[in-house]
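K.L.:
Residue numbers (this note's numbering), protein chains in the order written: chain A, 13 to 391; chain B, 1399 to 1651.
Below is a structure I'd like to ask you about.
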Amino acid sequence: MKQLFSREPFALLAFSVVILAMPLWLTPLGANYPDLLQKFAIFAIFAMGFNILFGLTGYLSFGHAAFLGVGSYAAVWSFKLFTMNVLPAIFFGVAFAGLFGLLIGYISLRRSGIYFSILTLAFAQMCYNLAYSVLTPITNGETGLQLTLQDPRIIDRAFAEAGAGLPETNLFGIDMSGYPGFYFCAVMLIICFFITRRIFNSPFGLMLRGIKSNQNRMGYTGFATRPYTLTAFVISGMFAGLAGSLLAVTDPLAGAERMQWTASGEVVLMTILGGVGTLIGPMLGAWIIKYFENIFSSFNNATLENAFSFLPEGLRTMAVDVSSLFVGEGWHLTLGVLFMLIVIFLPGGLMEGWRRLLRRFSGGGGGKSETAPVVQPAE
Amino acid sequence: MTTNSVLHVADVHKSFGGLKALSDVDLNVEEGTTHAIIGPNGAGKSTLLNVCVGRIKPDSGHVVFNGEVLDNHTPDEINQLGVSRVFQTPEIFSDLTLLDNVMIPAFASRDGSFSLRPFSKLRHEKAIREDAENTLADVGLAVMKDREAGSLSRGDKRRLELAMCLIQQPKLLLLDEPTAGMARHDTNRTVDLLKTIKQRGMTKVIIEHDMHVVFSLADRISVLAQGRIIASGTPDEIKGNPKVQEAYLGGAH
């Protein structure tokens, strides 16, 4: 089984099937509605890209939300100026995020460790505050950048007169809202998975791991480490830009709050929750956080009354009272508890838990697995 | 300066605050030889190697390698010129496998200090993998190639680091106490290994406390005490030098 998945075509096929079938297997979990599915795919891309930097090189960026925001703004401007077609929008989103990544990375990567984190955080907060204040002509400040009826949209106008209402984003005529929007994001996610997988299994990926393990040795071994870390930084910035532009594709609106430090912190949580440095861990982390944010937060006391209806009156009230702390407004509490449990008991995230399970059930004796090499999970 | 000098350290000074770590150090290492540097603790031996690999810059003086002045070179550039170093405390990639540890330097030698091919597959690098496996076999670590390097014993880590340097086939190999922390049996193996390399004509500078190792490997010996070279010569000359006896061995009188 494992051998099979380490072959590229099988890995890609299996991954594609799982992603494209999300509407099916998420139905029993109550998460099968397009808005959430889109978020699952988009934030998976965001976390996967973040992991290329953090998981492989060990550089912890606390400002990745800046790229998310840049991607969104670039995409919305593409909708406003050129066309409602989504392809140019994601192209501009990725390109601008890449440029920003080059600039921010070039400066921030002069330092490592906590200083690097603080520098990236400072840059992101700077972008956020600029977007709110002096850059209002570009970002439309607090209101956020939106489509208007006065937008030039020069390419669309060349082919057709402007319609009465605001146009929808589209891919050559297919509206990018609802399920088509999800499938578009899903295809992007599959492409990103392919790219990430290739990077993980390339000599380039090995060098990045070497930098994480012992940057000094990399220098004495003849590597200029800065170009490597900068490349990883730009790639992961471009992933974030893609995620940001996809947010705009599914909902053509960009606001500065997308760049806030909480959003940068969220992607760190996703990555650690799922498993730093693993291929699909960050994606799982992203799914869990988005699931909690959208599903747990929507539970109210009535739902709980229902769930505990089998209990006698007194117990039921107690159960509802206790568990209501953890749902609805309190979903952060559940997430916090889960995060603490994982960091304490599974420092390698969910993927480490998965590996331990596999070892227990397939490896046979525990003594044998002691000497077994820690294999990078292909899946 | 002789014509076939590989490494030439010329009048190097280095102080840390008020402490003179190196003063007036002059050293010539000739091609194909093994040059040992001995001296009491704190004599400046490791500082001298640090100057050679660009880890610290000398206050004055120059280090010339194969006719190239190393003053403004970074460690990675110096390595690309052909200098590899084994550190006193092993510098390895602790959370990678032994095989990866040895493949990384092989890529540095083949592809240079930066090469960006993010889509090529590691699996297809058969030549480098074989080379790495052979080098691991040379130092006797082949059976452990899939182990994580951090789990090795101290002596094995040293041998791994030696393999990481050897795979680059450097023109100059700098060894900072390559046998410290090894059992006698492993020390002998390392000495044998270093002798084989010598036959291949690799130039070596070796810092060592173990006189058995020094006298079985060195063609020339320089004695460093309090940041100065107090004697330089063949092993026999050094053995009979009264200044050396005083500085190095006479501490016990």
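We put the CB at the ideal spot given by N, CA and C, even for glycine.
(1) With 7 angstroms as the C-beta to C-beta threshold (strictly closer), list the residues of the stretch 45-67 of chain A near chain B in chain order.
(2) For LYS1637 (chain B), verify whether its CB is less than 6 angstroms away from any heavy atom of the ligand HEM.
(3) Could you check whether the Cβ of ILE211 (chain A) sits closer than 7 angstroms to any Cβ belonging to chain B?
(4) Any beta carbon of chain B sitting closer than 7 angstroms to that of ALA236 (chain A)?
(5) Kindly list the residues whose CB is nearer than 6 angstroms to the CB of GLU1559 (chain B), restricted to its own chain and excluding five residues on each side of it in sequence; keep chain order.
(6) When the Cα atoms are used, what is the spatial distance from LEU323 (chain A) to THR155 (chain A)?
(7) Under 7 angstroms Cβ-Cβ, which residues of chain A neighbour ILE1435 (chain B)?
(8) Does PHE1491 (chain B) have its Cβ less than 7 angstroms from a Cβ in chain C?
(9) What ranges does the alpha helix (DSSP H) occupy inside the stretch 1594-1648 of chain B, keeping only unbroken runs of at least 4 residues that lie completely in it?
(10) Does the beta-carbon distance from GLN1478 (chain B) to GLY234 (chain A) come in below 7 angstroms?
(11) Can you pull the chain B neighbours of ARG221 (chain A), defined as C-beta to C-beta under 7 angstroms?
(12) Assuming the contact rule is C-beta atoms closer than 8 angstroms, ALA87 (chain A) and GLY110 (chain A) should be a hit. Round their C-beta distance to whole Å, please.
(13) Which same chain residues, not among the five before or five after PRO46 (chain A), have their C-beta less than 7 angstroms away from its C-beta?
(14) CB THR283 (chain A) to CB ASP168 (chain A), shorter than 7 angstroms?
(15) Is HIS1651 (chain B) helix, strand or coil by DSSP?
(16) Mind pulling the chain A residues with CB within less than 8 angstroms of SER1507 (chain B)?
(17) Rounding to the nearest angstrom, what Cα-Cα distance links ASP1617 (chain B) and LEU1405 (chain B) in this structure?
(18) Note down the Cα distance separating PHE245 (chain A) from PHE74 (chain A), rounded to an integer number of angstroms.
(19) Please name the residues in the stretch 1519-1533 of chain B whose beta-carbon is closer than 9 angstroms to at least one beta-carbon of chain A, in chain order.
(20) Using a Cβ-Cβ cut-off of 7 angstroms (strictly less than) and excluding sequence neighbours within five positions of GLU305 (chain A), which residues of its own chain qualify?
(21) Can you pull the DSSP bridge partners for ARG1521 (chain B)?
(22) Using only the alpha-carbon positions, how far apart do ALA5 (chain A) and LYS92 (chain A) sit?
(23) Work out the CA separation of THR237 (chain A) and ILE223 (chain A) for me, nearest whole Å.
(24) When the Cβ atoms of the stretch 1435-1444 of chain B are set against those of the stretch 1452-1469 of chain B, are three or more pairs found closer than 8 angstroms?
(25) Does the distance from the CB of ILE31 (chain A) to the CB of ALA252 (chain A) come in under 7 angstroms?
(26) Taking the straight line between their C-alpha atoms, what separation do you get for ARG367 (chain A) and TRP89 (chain A)?
(27) Could you pull out every residue in the same chain whose Cβ sits closer than 7 angstroms to the Cβ of MET363 (chain A), ignoring the five residues on either side in sequence?
(28) Report yes or no: do three or more beta-carbon pairs, one from the stretch 132-146 of chain A and one from the stretch 258-278 of chain A, lie closer than 8 angstroms?
(29) Among the candidates A:LEU121, A:LEU80, A:TYR85, A:VAL29, whose CA atom is the shortest distance from the CA of TYR71 (chain A)?
(30) Relative to chain A, which residues along the stretch 1438-1449 of chain B have a C-beta separation below 9 angstroms, given in chain order?
(31) Let's see if you can read the secondary structure: which residues bound the beta strand (DSSP E) around VAL1484 (chain B)?
(32) Measuring straight from C-alpha to C-alpha, what distance separates ARG229 (chain A) and SER1421 (chain B)?
(33) Would you mind sorting GLY1638 (chain B) into buried or exposed? The rule is 16 or more other CB atoms within 10 Å of its CB.
(34) Who are the near neighbours of SER1444 (chain B) in its chain, counting only those whose CB is closer than 8 angstroms to its CB and skipping five residues on each side?
(35) Measuring straight from C-alpha to C-alpha, what distance separates ILE1628 (chain B) and VAL1423 (chain B)?
P.N.:
Looking at the atomic coordinates:
(1) Sequence-ordered contacts of the stretch 45-67 of chain A with chain B are nonexistent [C-beta pairs closer than 7 angstroms].
(2) The ligand HEM is not part of this structure, which contains no ligands at all.
(3) Translated into positions along the first sequence, residue 211 (chain A) becomes position 199. True, the Cβ-Cβ gap to chain B drops below 7 angstroms.
(4) As a first step, residue 236 (chain A) is located in the first sequence; it is residue number 224 there, counting from the start. Yes, because at least one Cβ of chain B sits closer than 7 angstroms to the Cβ of ALA236 (chain A).
(5) Taking the second sequence and counting its residues from 1, one reaches residue 1559 (chain B) at position 161. Once the five neighbours on either side are set aside, the close Cβ partners of GLU1559 (chain B) are VAL1484, PRO1488, ILE1490.
(6) As a working note, residue 323 (chain A) is residue 311 in the first sequence. As a working note, residue 155 (chain A) is residue 143 in the first sequence. Near 48 angstroms, if we compare the C-alpha coordinates of THR155 (chain A) and LEU323 (chain A).
(7) Here residue 1435 (chain B) refers to the residue found at position 37 of the second sequence. Residues of chain A passing the Cβ test: none, with the nearest at roughly 19 angstroms.
(8) Checking the listed chains, one finds no chain C in this structure; the protein chains it contains are A and B.
(9) 1609-1615, 1633-1638
(10) For this step, residue 1478 (chain B) is matched to residue 80 along the second sequence. For this step, residue 234 (chain A) is matched to residue 222 along the first sequence. Yes, the Cβ-Cβ distance between GLN1478 (chain B) and GLY234 (chain A) is below 7 angstroms.
(11) In the first sequence, residue 221 (chain A) corresponds to position 209, counting from 1. Residues of chain B passing the Cβ test: LEU1494.
(12) What you label residue 87 (chain A) is simply residue 75 of the first sequence in a count that begins at 1. What you label residue 110 (chain A) is simply residue 98 of the first sequence in a count that begins at 1. So it is not a contact: roughly 14 angstroms between Cβ atoms.
(13) As a first step, residue 46 (chain A) must be located in the first sequence, where it is residue number 34. Counting only Cβ-Cβ distances below 7 angstroms, and skipping sequence neighbours, we find GLY190, TYR191, GLY193, PHE194.
(14) Numbered from its first residue, the first sequence carries residue 283 (chain A) at position 271. Numbered from its first residue, the first sequence carries residue 168 (chain A) at position 156. No, they are not a contact pair.
(15) Here residue 1651 (chain B) refers to the residue found at position 253 of the second sequence. Reliability fails at HIS1651 (chain B), whose pLDDT of 41 lies under 50, so the model's placement of it is uncertain and no value is given.
(16) On the second sequence, residue 1507 (chain B) is found 109 positions in, with the first residue counted as 1. Listed along the chain, the chain A residues whose CB falls inside 8 angstroms of the CB of SER1507 (chain B) are GLY234.
(17) Locating residue 1617 (chain B) in the second sequence gives position 219, counting from the first residue. Locating residue 1405 (chain B) in the second sequence gives position 7, counting from the first residue. Rounded to whole angstroms, ASP1617 (chain B) and LEU1405 (chain B) show a C-alpha spacing of 15 angstroms.
(18) For the purposes of this step, residue 245 (chain A) is taken as residue 233 along the first sequence, with counting starting at 1. For the purposes of this step, residue 74 (chain A) is taken as residue 62 along the first sequence, with counting starting at 1. Each residue's Cα considered, the two are about 12 angstroms apart.
(19) Those would be LYS1519, LEU1520, ARG1521, GLU1523, ILE1526, in chain order.
(20) Looking up residue 305 (chain A) in the first sequence gives position 293. TRP343, listed in sequence order.
(21) Numbered from its first residue, the second sequence carries residue 1521 (chain B) at position 123. None, per the DSSP bridge assignment.
(22) With chain A represented from 13 up to 391, any question about residue 5 (chain A) goes unanswered, as that position is not in the structure.
(23) Your numbering for residue 223 (chain A) matches position 211 in the first sequence. Your numbering for residue 237 (chain A) matches position 225 in the first sequence. The alpha-carbon atoms of ILE223 (chain A) and THR237 (chain A) are separated by roughly 7 angstroms.
(24) No, the stretch 1435-1444 of chain B is not in contact with the stretch 1452-1469 of chain B.
(25) For the purposes of this step, residue 31 (chain A) is identified with residue 19 of the first sequence, where counting begins at 1. For the purposes of this step, residue 252 (chain A) is identified with residue 240 of the first sequence, where counting begins at 1. Going by C-beta atoms, ILE31 (chain A) is not nearer than 7 angstroms to ALA252 (chain A).
(26) Numbered from its first residue, the first sequence carries residue 367 (chain A) at position 355. Numbered from its first residue, the first sequence carries residue 89 (chain A) at position 77. In a straight line, the C-alpha of ARG367 (chain A) is about 44 angstroms away from that of TRP89 (chain A).
(27) For the purposes of this step, residue 363 (chain A) is identified with residue 351 of the first sequence, where counting begins at 1. Excluding residues within five positions, the ones whose Cβ falls inside 7 angstroms are GLY286, GLY287, THR290, GLY293, PRO389.
(28) yes
(29) By 1-based counting over the first sequence, the position of residue 71 (chain A) is 59. Nearest of A:LEU121, A:LEU80, A:TYR85, A:VAL29 to TYR71 (chain A), Cα basis: A:LEU121.
(30) none
(31) Against the second sequence, residue 1484 (chain B) aligns to sequence position 86. Element bounds for VAL1484 (chain B): 1481-1484.
(32) Taking the first sequence and counting its residues from 1, the one referred to as residue 229 (chain A) is at position 217. Taking the second sequence and counting its residues from 1, the one referred to as residue 1421 (chain B) is at position 23. Approximately 28 angstroms between the Cα atoms of the pair.
(33) Reading the second sequence from its first residue, position 240 is the one you call residue 1638 (chain B). Its Cβ having fewer than 16 others within 10 Å, GLY1638 (chain B) is exposed.
(34) Along the second sequence, read from residue 1 onward, the residue named residue 1444 (chain B) stands at position 46. Contacts found: GLN1486, ASP1574, ILE1605.
(35) For the purposes of this step, residue 1628 (chain B) is taken as the residue at position 230 of the second sequence. For the purposes of this step, residue 1423 (chain B) is taken as the residue at position 25 of the second sequence. Straight-line measurement puts the Cα of VAL1423 (chain B) at about 10 angstroms from the Cα of ILE1628 (chain B).
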